[in-house]
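Colleague: Residue numbers (the numbering used here), protein chains in the order written: chain A, 17 to 202; chain B, 13 to 196.
#1: I'd like to know if the stretch 147–159 of chain A and the stretch 51–70 of chain A are in contact, where contact means that at least 3 CB-CB pairs between them fall below 8 Å.
#2: If you draw a straight line from the alpha carbon of residue 103 of chain A to that of residue 80 of chain A, how long is it in whole angstroms?
#3: Any C-beta of chain A within less than 7 Å: which residues of the stretch 48–63 of chain B qualify?
#4: How big is the Cα-Cα spacing for residue 41 of chain A and residue 87 of chain A?
#5: Verify whether the separation of the beta carbon atoms of residue 39 of chain A and residue 57 of chain B is less than 8 Å.
#6: Starting from residue 2 of chain A, trace the alpha helix (DSSP H) in both directions and tell me its first and last residue.
#7: Look at residue 69 of chain A and residue 145 of chain A and say whether their C-beta atoms are less than 8 Å apart.
#8: Distance check for residue 168 of chain A and residue 189 of chain A, CA to CA, integer angstroms please.
#9: Which two residues bound the contiguous alpha helix (DSSP H) that contains residue 165 of chain A?
#10: When DSSP labels each residue in this structure, what does residue 52 of chain B get in the three-state scheme?
#11: Taking the alpha carbon of residue 53 of chain B as the reference point, which residue from A:28, A:48, A:24, A:135 has its own alpha carbon closest?
#12: Using the three-state DSSP reduction, which class does residue 205 of chain A fall into: helix, strand or coil?
#13: Which chain A residues are close to residue 92 of chain B, counting only those with a beta carbon under 8 Å from its beta carbon?
#14: Would you say residue 162 of chain A faces chain B, with C-beta separation under 8 Å as the test?
#15: Does residue 94 of chain B come out as helix, strand or coil in the three-state DSSP assignment?
#16: As a quick exercise: from A:30, A:51, A:75, pick the residue whose alpha carbon is nearest that of residue 160 of chain A.
In structure tokens:
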């Protein structure tokens, strides 16, 4: 495990309480179904899923930092590694791999071969534009924003649309320095 | 499951093997079903469930409507769990009699979903057709105790409505089941 993360994802996953992944999968399916029935527009559903994921990510990062006791990441590369190895493992029980770094080191791809959200799922023809796992992109975006990184997260490859893996592209837009709620000289 | 998708794409979704998941260390490894369980963390499920509740809260004006929506979501889950379990467990034979279904829910379904058998299955005394499945520590209400707090204006709200929906679907008979959830 990288020296930055004292506890590996497996260890943490073994120590948290767990539930049956199928319950999780089916609950997520119920959520998506409700959204599609209510909103009807696939783009709206995508946006709503992203927003829900964002809300989750904002809170999830606190738990992540508390349980995993990783030290501060030096750069974006390390951040991406930690997300893929520790973060995904801790919550979803699967590891992602990080690839496709661009020249500046601000964009990378997280590859998921195994995704508990999409077991038993197939997209019907009416919903072809739907990013079924969009909640994940929201989670990553929300979590990173809470640690002062503004990112843009998009899906490159989607297994439900016929690709062979899930590929999530994470692009660092800018790093926002921490703002203190009070002025130092007051 | 997904591992299969990597190897080859099936022409028809119905041909895809359901699979039993990967070998994992589980909370309760005594049953045959649970030995191959894939799991996610409780907090992941908690977050997801909270989003479900929050989303529905915005859409409705009162508690009864919210409970009904949660129950509908649970209903969808229940229908699928039923099919899945019948296929895996019993070689695709479904219970059609009342007691059969209730004991199926009580043991198998509860075990797969929540990791343990429900606490008890009793016949209610007030009505002819009343049965009670009791559960001291409902998973959803365990979330309840840990992660959820109820604002004062929603005193009667019960997240168990979600589980009630899961149970509701098992009515293979004509009788309508009324599911009432009581917090122990």
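Beta carbons are placed, not taken as given, at the ideal position from N, Cα and C, and that holds for glycine. Quantities reported herein were computed from a predicted structural model and do not represent experimental measurements.
Modeller: Let me spell this out:
#1: yes
#2: 7 Å
#3: 49, 50, 51, 52, 53, 54, 55, 56, 57, 59, 60, 61, 63
#4: 32 Å
#5: yes
#6: An answer regarding residue 2 of chain A cannot be provided, because it is not within the stretch 17 to 202 covered by chain A.
#7: no
#8: 7 Å
#9: Premise fails: residue 165 of chain A lies in the beta strand (DSSP E), 165–173, not in any alpha helix (DSSP H).
#10: strand
#11: A:28
#12: The structure shown does not extend to residue 205 of chain A, since chain A is modelled only from 17 to 202, so the question has no answer here.
#13: 42, 45, 136
#14: no
#15: helix
#16: A:75
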